[in-house]
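J.: Could you have a look at this structure, given as structure tokens, before my questions?
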Amino acid sequence: MRPSPNTGPSLITLVLLCGLTACASRQGIPPETPTLKTLAGRRVVVTQDPGVPASEEQTIAAYQKFLEVAPRAPQRAEAMRRLGDLEMASADNRSATSTAAANPDYTAALARYQAYLKAYPKDPGNDRVLYQMARAYEQAGQLETAMATLDRLVAEYPKTTYLDEAQFRRGEMLFAMRDYAKAEQAYGSLLAGRGSNPFEERAAYMQGWSRFKQAKLEESLQSFFGVLDLKGGVLGRQGDLQSLPGLTRADRELLEDTFRVTSISLANLQGAESIPGYINSPQRRAYEFRVYEQLGELYLKQERLKDAADTFGAFARRDPLNAQAPLLQARVIDIYQGNGFVNQALEAKKDYVSRYGVGGEFRQANPEGWDKAQPLVKTHLAELARHHHALAQKNKASADYQEAVRWYRLYLSSFPSAPEAAQNNFLLAELLYEDKRYAEAITEYEKTAYQYPAHARSADAGYTALLSHAALEKAAPPAELAALQKTSTASAQRFADAFPTDPRASAVLTRAAEQLYALGDGEQALKAARRVLAQQPPAAAAQRRVAWTVVAHTAFERAEFDKAEKAYGEVLALTPAAEPGRRDLAERLAASVYKQGELARSKGQAREAVGHFMRIATVAPESAVRATAQYDAAAALIGLKDWDAAATTLEDFRTRYPKHGLQGEVTNKLAFVYAEK
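First residue of the sequence shown: 295, per my numbering; consecutive thereafter.
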């Protein structure tokens, strides 16, 4: 029986009398965050009494002296307990500084505590003594005895303040002894709803492992999800575990291992199909993506590629509006594409652009996530278009052309200002041209050429638009041809305006001038022809010949005969002597000169008229109109009473054209001239 404290001096007085200068505090065990490591080395901190400093050995000696000299002192019980604490602390200190592999010696402390319990078996503070004894046994490597002591503690003192730690330590030792069922119970007692405690997280974690070791996978998952719930607010944020704020290194290690064993458990059940059954709260919904992500990573390590892709894709299908859904769907694509599964990769890309493209619901639900997804949407759209474009070129199948066109158009409508938009627009136009859809090709070529900032394919697009116009004209019914040609020439002029230094500009303008003249648009034809003639470096001879021909014909039709004469002269200079059309050109040249003579004659300018008529013999000596012009020149000279010139002209006519129908008139006129002379 414990002595009454009502007699004799106080313990501190007696200790001072015995030379004691410091003592252990009853409240010497500070709370600390429990971990497997910290619990294994837990120590009692002895708080110094504000007295005269003394060494640990001196203090222990003082208490021992007190117990020797005062066997019946009312403070004896307190002195015994404090001495046990000091001996426990001394053993802890020796253990901390020792490099020996042997277990530390807690014999003195254990003996002191055992004596205390024997002397005072009913003391209400014995729970603390049992707690210290269990720790001493554990530190000394006597696990079974430590376990028995903890069992006694929780049985005899169910309301002790050490209950949570005692149960946790019981669980740890039971787990170490592979008694997983009892370990599960011990950990479970800490999670039985008595309120939060510092062991909750570790207890849930180890309860999960205890269940896992018993192959109770569904129950173990409940425990592991409980661990994740405690960090749910952090886990719901974006970023990998290593970079999440608010987590200590120990937190990260615990979470990584929890996810690892959770993934193993799920993989041994139904994989990703098992996950939804555990997502039963908004908190879990927030970090659900990490469960799929970690399971997928496990499958990748196991080289189970399809299972990994299915797992990542399962989350994207289950929660398509989640900000993490595009990231996991992107993993699906990476797996298939990186391992040569071309068709699966294509389908995954189609899913990606369908869900996270411009027209998807994701844009409204998650604008920030949508913005982040757009680079991949753009990449996959381009890849899909080019894949089907290549198939179309290989197979010439209409379905492939249609599919490629669809992806190109979706790309351009989604990213009209992208740096690659012009190139993809050009490829769309090429595809349409290859599929003989010339009208659509024209639209896309011209858009590529003229509606983007200048780029490498601008001029090519503009020129190929003209080829598309030509192909369209070739297949058109006669009734539609004129309208198509008019559109074509407008496109040609636009090309020349946009790309005046392009080597093809001269040819384009030449054809436009020719076509415009054929359409009866002399004004525009003349402008195009003059642009050909103004090209620097000069256009090819054949192109200049066509341009001069257009200028000549147009001038003649406008009664600008002097300009026509010059132009026809240029045409003839560029026309080979053996060219079949050369004679016609000479006739046109002669006609231009003759018309100038007629015009002068009509104005009463007889002398000028004579000059024009007579020039024909020089500029076009073989022309059919030369004889008529010579006769008209003679007539004009008669009118001018230039008898000598008239006679010479008429005489030459008689000699040069003996069978001409005007010989009779020439004879009469010549007689008149002679008479007048």
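From the three backbone atoms N, C-alpha and C, an ideal C-beta is built for every residue, glycine too.
With hydrogens ignored, establish whether the beta-carbon of Ala941 is closer than 7 Å to any heavy atom of the ligand MN.
T.: Of the ligands one can find in the structure shown there are none, so the ligand MN has no counterpart to examine.
J.: CB-CB under 6 Å to Ala930, same chain, minus the five flanking residues each way: which ones, in chain order?
T.: Taken in chain order, the residues that qualify are Ala900, Ala903 and Val904.
J.: For the segment 460–520, list the alpha helix (DSSP H) runs that are entirely contained and at least 4 residues long, ordered along the chain.
T.: 474–484 and 494–507
J.: Within the continuous alpha helix (DSSP H) that includes His847, where are the two ends?
T.: Ala835 to Glu851
J.: Of all the alpha helix (DSSP H) runs that stay within the bounds of the segment 871–909, which reach a length of 4 or more residues?
T.: 876–896
J.: Could you check the C-alpha separation between His681 and Val652 for me, to the nearest Å?
T.: 21 Å
J.: Can you give, in chain order, each stretch of the alpha helix (DSSP H) that sits fully within the segment 577–644 and has at least 4 residues?
T.: 599–612 and 619–632
J.: Taking the CB atoms as reference points, tell me whether Arg920 and Ala884 lie closer together than 8 Å.
T.: yes
J.: Applying the criterion that 16 or more other CB atoms from any shown protein chain within 10 Å of the CB defines a buried residue, is Met908 buried or exposed?
T.: buried
J.: Reducing DSSP to helix, strand and coil, say where Ala799 ends up.
T.: helix
J.: Do the segment 731–741 and the segment 749–756 meet, that is, are 3 or more Cβ pairs less than 8 Å apart?
T.: Yes: at least three Cβ pairs fall under 8 Å.
J.: Where Phe732 and Ala769 are concerned, what is the direct C-alpha to C-alpha distance, given to the nearest angstrom?
T.: A small correction: the amino acid at residue 732 is Tyr; Phe does not occupy that position in the sequence shown. The straight-line gap from Cα to Cα measures roughly 10 Å.
J.: Looking at the unbroken alpha helix (DSSP H) that takes in Val555, where does it start and where does it end?
T.: Arg543 to Ala561
J.: Given that a residue counts as buried once 16 or more other Cβ atoms are within 10 Å of its Cβ, and exposed if not, what is Val363?
T.: exposed
J.: Between which two residues does the alpha helix (DSSP H) harbouring Leu725 extend?
T.: Ala715 to Glu728
J.: Gln829 by DSSP, collapsed to three states: which one?
T.: The answer is coil: DSSP assigns Gln829 none of H, G, I, E or B.
J.: Would the beta-carbon of Leu535 fall within 8 Å of that of Phe583?
T.: Not closer than 8 Å, so no.
J.: What three-state label does DSSP hand Pro669 in the structure shown?
T.: helix
J.: Would you kindly work out how many angstroms separate the C-alpha atoms of Ala497 and Leu524, rounded to a whole number?
T.: Put simply, the backbone Cα of Ala497 is about 12 Å away from that of Leu524.
J.: Of all the options Lys359, Gly419 and Glu432, which has the alpha carbon lying nearest to the alpha carbon of Met382?
T.: Glu432
J.: Three-state secondary structure (DSSP) at Ala712?
T.: Three-state DSSP puts Ala712 in coil, outside helix and strand.
J.: Give the DSSP-derived three-state secondary structure of Asp534 in the structure shown.
T.: Under the three-state reduction of DSSP output, Asp534 falls in the coil class, being neither helix nor strand.
J.: Considering only the beta carbon of each residue, do Ala480 and Arg464 sit closer than 8 Å?
T.: yes
J.: Thinking Ala698 and Ala679 are a contact (beta carbons under 8 Å), I'd like their distance in whole angstroms, please.
T.: Confirmed, Cβ separation roughly 6 Å.
J.: For Ser575, count neighbouring Cβ atoms within 10 angstroms of its own Cβ and tell me buried if that reaches 16, exposed if not.
T.: exposed
J.: Of all the options Leu704, Ser708 and Gln687, which has the alpha carbon lying nearest to the alpha carbon of Tyr727?
T.: Each of Leu704, Ser708 and Gln687 was checked against the Cα of Tyr727, and the nearest Cα belongs to Gln687.
J.: Does the beta-carbon of Ala965 have 16 or more other beta-carbons within 10 angstroms, so that it is buried, or is it exposed?
T.: exposed
J.: So, helix, strand or coil for Ile569, using DSSP?
T.: The three-state secondary structure of Ile569, taken from DSSP, is helix.
J.: To the nearest angstrom, how far is the alpha carbon of Phe609 from that of Leu484?
T.: Cα-Cα distance, rounded: 34 Å.
J.: For a test of the three-state rule: what should DSSP assign to Thr341, helix, strand or coil?
T.: Its pLDDT being 47, under 50, Thr341 is placed unreliably by the model, and nothing is read from it.
J.: Under the three-state reduction of DSSP, which class applies to Leu529: helix, strand or coil?
T.: helix
J.: Could you spell out where the alpha helix (DSSP H) holding Val919 opens and where it closes?
T.: DSSP places Val919 in no alpha helix (DSSP H); its state is neither H nor E.
J.: I need the boundaries of the alpha helix (DSSP H) containing Asn962, first residue and last residue.
T.: First-last of the alpha helix (DSSP H) with Asn962: Gln957 to Glu970.
J.: Does any residue of chain C have a CB that is nearer than 8 Å to the CB of Ala355?
T.: Chain labels in this structure do not include chain C; a single protein chain is all it has.
J.: For the candidate residues Glu724, Gly590, Pro614 and Leu615, whose alpha-carbon lies nearest to that of Phe606?
T.: Gly590
J.: From this set, Tyr357, Asp458 and Phe506, which residue's C-alpha is nearest Ala561's C-alpha?
T.: Phe506
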